[in-house]
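Protein chains in written order, with the numbering used here: chain A, 40 to 374; chain B, 40 to 374.
Below: the structure, in structure tokens.
Number of protein chains: 2
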Amino acid sequence: MAKRATLTDVARLAGLSPTTVSMVLNERPNSRLSEDAAERVRAAAAKLNYRPNPAARGLRLGKTRTVGFISDEVTITRYASAMIRGLLEVAEERDHTVLISESGRRADRIASALELMLDRQADGIVFGLMGAKQIDVPVIADVPVVLSNARSASGLPCVLPDEFRAGFEAAHYLLERGHRRIAFIGRSEALLDPVLSVTIGARYAGLDAALAESGIEFVHQVDGRFWEPDLGYAGAQEVFQRTEVTAIIAANDRVAFGVYQAAQERGLRIPDDLSVVSFDDEYLASYLRPQLTTMQIPYLDMGRVAMELVLDGDPPTETLVPMPLQERGSVRALS
Amino acid sequence: MAKRATLTDVARLAGLSPTTVSMVLNERPNSRLSEDAAERVRAAAAKLNYRPNPAARGLRLGKTRTVGFISDEVTITRYASAMIRGLLEVAEERDHTVLISESGRRADRIASALELMLDRQADGIVFGLMGAKQIDVPVIADVPVVLSNARSASGLPCVLPDEFRAGFEAAHYLLERGHRRIAFIGRSEALLDPVLSVTIGARYAGLDAALAESGIEFVHQVDGRFWEPDLGYAGAQEVFQRTEVTAIIAANDRVAFGVYQAAQERGLRIPDDLSVVSFDDEYLASYLRPQLTTMQIPYLDMGRVAMELVLDGDPPTETLVPMPLQERGSVRALS
DNA sequence: CTGAAGTGCTAAAAGGATTTAGCATGGAGA
DNA sequence: TCTCCATGCTAAATCCTTTTAGCACTTCAG
């Protein structure tokens with residue numbers, strides 16, 4: 040593989056100066072160059088397969104066409120990696136690349152990841168969290184910063200899922216299908232703390248608003264802060280003992296998984312005897328049988344939007360991304 | 040935030056030349072500089088919070104301390120993102136950063152992702168696949184390339200899980216605990232095609248070798264190429280109808296998930312009535328109850344090893360990474 | 001006493017792109 | 001005829017770091 044062609048090589052071949060070549064290739068607005076020259080430049084560049092040297096360009100421009108992505112554990116866990124896909128998609132569309140770094144949520148590691156990105160002269164920075172929480176990010180003046188699925192106390196621009204609407208729609212979906220005796224598993228005061236979640240409150244509020252609109256309340260609610268299958272299993276058992284329901288809303292898919300297990304043990308068939316709706320759309324949701332109807336956390340779109348905001352600059356304080364309903368087989372319409 | 044200090048700024052403050060500063064900070068071996076000068080340089084650098092400009096350095100050196108990672112869908116799916124964690128860990132230890140790009144397994148997209156990385160002057164490239172398959176990667180002379188969880192027809196250096204040993208150990212684990220009547224679900228001739236998998240053959244061979252060592256054979260095997268819960272469910276039903284077993288080896292965790300469902304329906308309790316062992320260690324494995332004993336695909340370590348090989352240069356043709364046994368609750372020792 | 005070797009440091013070039021300032025040329029207007 | 005302006009292009013500076021070549025001085029060996 041021959042050495043990479045430089046601007047000077049192109050200029051020589053085209054019989055013009057590097058200045059001219061640069062101007063043509065960058066299509067500078069106010070440079071009145073002849074169409075003939077432009078044509079020769081383009082031909083020469085193509086012939087030599089010219090690629091601008093990013094280091095040289097970065098040195099001169101102070102821009103690197105690079106965006107840094109720092110996350111608590113988005114990259115490295117399985118839940119939220121769709122966020123990266125969104126970031127990468129947009130970056131590629133806009134001819135940027137993405138530098139990735141992990142850091143827990145320990146402030147010092149965040150700071151050092153950030154420093155790394157700034158050292159590398161990233162043109163912008165996206166912070167992404169797996170769960171929508173509040174984080175402290177050092178404020179930086181130089182480059183645009185956007186938080187994806189997170190909020191900061193300092194009011195940095197952020198992208199969050201529209202949990203209120205999702206909560207509303209989840210409940211509405213059941214109500215619309217005639218359900219009136221509905222239980223909820225996973226209510227927790229503790230989760231209203233922004234350190235743990237900045238969106239759960241909206242999820243609750245959306246659910247409650249939908250029920251209120253129909254003039255009803257949950258027939259039973261199970262408190263629970265740790266949203267794992269255990270909670271769903273025990274919670275569903277509690278529901279079955281206390282009252283009769285036609286539907287259960289689970290705080291997330293893992294809780295719903297537990298509900299499935301409890302239902303099966305009790306001989307209840309989903310969705311014939313019990314409808315289930317939940318939140319998140321983890322991959323688990325499509326493995327269950329019947330597959331789970333759930334409100335998706337839009338990691339992909341949050342990634343896309345965050346990247347767009349960073350690249351466009353001047354992002355608004357808060358951007359909400361819709362959580363689409365994944366309609367599958369766990370809900371039955373009552374006649 | 041004041042403008043970033045340059046080498047010249049440091050030199051001025053230290054009362055020395057940029058040359059000297061560069062030599063001190065890079066600790067060049069054969070430059071006999073006074074300890075006094077070195078001390079002054081370090082003090083000045085610290086005071087100005089000097090960070091070398093990576094673009095300038097990259098321009099001069101032709102190195103970027105950057106490694107490109109191209110994958111089919113490792114980043115963007117949930118299964119294998121631990122590989123990235125491994126890559127990032129090692130990169131950080133060695134003061135490198137990772138550029139990430141996705142591309143399906145379509146040759147043109149791979150080529151363009153590769154071109155992107157070379158454009159950006161990556162010092163090395165790692166290709167990572169979610170499932171261990173064969174891919175065609177254009178051979179490049181300039182930079183080291185390592186395949187992680189993949190093999191190429193052209194014999195590029197690769198890192199693969201040690202499936203033979205894993206197969207052997209999985210079977211051995213059951214045999215050691217007194218199991219003799221064992222079924223296997225997920226045998227498939229078709230999967231021996233390297234386009235679909237380059238490791239399944241070894242997995243089978245390891246299983247067979249362990250049984251052979253004990254002088255027995257599987258009491259029943261279920262063929263199946265698509266390793267989803269359906270196969271496990273139907274396969275287990277088939278096993279139960281045909282014969283009596285004390286243990287089932289599932290081709291992967293999703294198949295095992297189906298086995299769990301079939302067992303539960305039939306009133307068999309795991310591990311009391313039926314032991315289950317499988318492969319992969321997806322996160323599903325720890326959600327099942329009882330949790331699944333499974334041979335882990337070592338994505339993290341494959342990532343680490345691949346990055347180390349790229350950074351060290353001159354990687355061997357094939358490196359095997361052990362697949363650790365995740366010992367959980369799905370196996371019972373027969374008295 | 002002279003030449004060689006060693007010491008501690010620096011000037012200047014190189015790396016490849018972008019950008020500012022400005023050089024010829026030709027035509028239009030006075 | 002002379003000035004002015006537009007046109008089409010280029011020389012040279014700039015971004016920041018690394019590296020080569022070498023300067024000026026001292027010490028040592030012969």
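Positions of the beta carbon are idealized from the N, C-alpha and C atoms, including for glycine.
All figures in this text were calculated on a predicted structure; none of them were measured in a lab.
Distance, residue j Cα to residue i Cα
{"i": "His135(A)", "j": "Leu153(B)", "result": "14 Å"}
{"i": "Leu199(B)", "j": "Lys172(B)", "result": "10 Å"}
{"i": "Ile123(A)", "j": "Pro183(A)", "result": "18 Å"}
{"i": "Ala83(A)", "j": "Ser120(B)", "result": "42 Å"}
{"i": "Met169(B)", "j": "Glu78(B)", "result": "50 Å"}
{"i": "His211(B)", "j": "Ser317(B)", "result": "13 Å"}
{"i": "Arg51(B)", "j": "Met334(B)", "result": "60 Å"}
{"i": "Asn188(A)", "j": "Val80(B)", "result": "43 Å"}
{"i": "Asp181(A)", "j": "Pro329(B)", "result": "52 Å"}
{"i": "Ser325(A)", "j": "Met346(A)", "result": "28 Å"}
{"i": "Ala244(B)", "j": "Gly274(B)", "result": "21 Å"}
{"i": "Gly167(B)", "j": "Leu72(B)", "result": "45 Å"}
{"i": "Ala295(A)", "j": "Asp232(A)", "result": "23 Å"}
{"i": "Lys42(B)", "j": "Asp48(B)", "result": "11 Å"}
{"i": "Asp340(B)", "j": "Leu348(B)", "result": "12 Å"}
{"i": "Gly240(B)", "j": "Gln365(B)", "result": "21 Å"}
{"i": "Gly163(B)", "j": "Leu331(A)", "result": "43 Å"}
{"i": "Leu100(A)", "j": "Arg148(B)", "result": "29 Å"}
Interface flag, residue i vs chain A, CB-CB below 8 Å
{"i": "Ser140(B)", "result": "yes"}
{"i": "Asp312(B)", "result": "no"}
{"i": "Arg371(B)", "result": "no"}
{"i": "Tyr89(B)", "result": "no"}
{"i": "Asp158(B)", "result": "yes"}
{"i": "Tyr299(B)", "result": "no"}
{"i": "Arg367(B)", "result": "no"}
{"i": "Tyr326(B)", "result": "yes"}
{"i": "Arg124(B)", "result": "yes"}
{"i": "Ala273(B)", "result": "no"}
{"i": "Asp263(B)", "result": "First, the amino acid is wrong: residue 263(B) is Gly here, not Asp. It does not: the Cβ of Gly263(B) has no partner Cβ on chain A nearer than 8 Å."}
{"i": "Gly225(B)", "result": "no"}
{"i": "Phe318(B)", "result": "no"}
{"i": "Leu127(B)", "result": "yes"}
Cβ neighbour criterion (16 or more within 10 Å) applied to residue i
{"i": "Pro177(A)", "result": "exposed"}
{"i": "Leu373(A)", "result": "exposed"}
{"i": "Asp353(B)", "result": "exposed"}
{"i": "Phe265(A)", "result": "exposed"}
{"i": "Asn88(A)", "result": "exposed"}
{"i": "Ser56(A)", "result": "exposed"}
Cutoff 8 Å: residue i Cβ touching any chain B Cβ
{"i": "Ala6(A)", "result": "The structure shown does not extend to residue 6(A), since chain A is modelled only from 40 through 374, so no value can be given for it."}
{"i": "Pro363(A)", "result": "no"}
{"i": "Thr45(A)", "result": "no"}
{"i": "Thr333(A)", "result": "no"}
{"i": "Ala77(A)", "result": "no"}
{"i": "Ala290(A)", "result": "no"}
{"i": "Phe279(A)", "result": "no"}
{"i": "Ser120(A)", "result": "yes"}
{"i": "Val137(A)", "result": "yes"}
{"i": "Tyr307(A)", "result": "The question names Tyr, but residue 307(A) in the sequence shown is Leu. Chain B, which has no Cβ nearer than 8 Å to the Cβ of Leu307(A), makes this no."}
{"i": "Leu98(A)", "result": "yes"}
{"i": "Ala302(A)", "result": "no"}
{"i": "Thr103(A)", "result": "yes"}
{"i": "Pro93(A)", "result": "yes"}
{"i": "Pro337(A)", "result": "no"}
Cβ neighbours of residue i in the same chain (closer than 8 Å, five flanking residues each side left out)
{"i": "Ala286(A)", "result": "Leu213, His218, Arg220, Ile221, Ala222, Leu313, Ser314, Val315, Val316 and Val370"}
Boundaries (first-last residue) of the alpha helix (DSSP H) holding residue i
{"i": "Val278(A)", "result": "Pro268 to Arg281"}
{"i": "Asn65(A)", "result": "Pro57 to Asn65"}
{"i": "Pro93(B)", "result": "Pro93 to Leu100"}
{"i": "Ile123(A)", "result": "Ser120 to Glu132"}
Neighbourhood of residue i by C-beta distance below 7 Å, restricted to the same chain and skipping five residues each side
{"i": "Val344(A)", "result": "Val198, Thr358 and Val360"}
Terminal residues of the beta strand (DSSP E) in which residue i lies
{"i": "Ile139(A)", "result": "Thr136 to Glu141"}
{"i": "Gln160(B)", "result": "Element bounds for Gln160(B): n/a, residue is neither H nor E."}
{"i": "Ser187(B)", "result": "Val184 to Ser191"}
{"i": "Asp311(B)", "result": "Asp311(B) -> no beta strand (DSSP E), and no H or E assigned at all."}
{"i": "Phe265(A)", "result": "Unbroken run through Phe265(A): none, as it is neither H nor E."}
Close-in-space but distant-in-sequence residues of the same chain around residue i (CB under 6 Å, 5 per side omitted)
{"i": "Glu267(A)", "result": "Arg293"}
{"i": "Gly368(B)", "result": "Pro329 and Gln330"}
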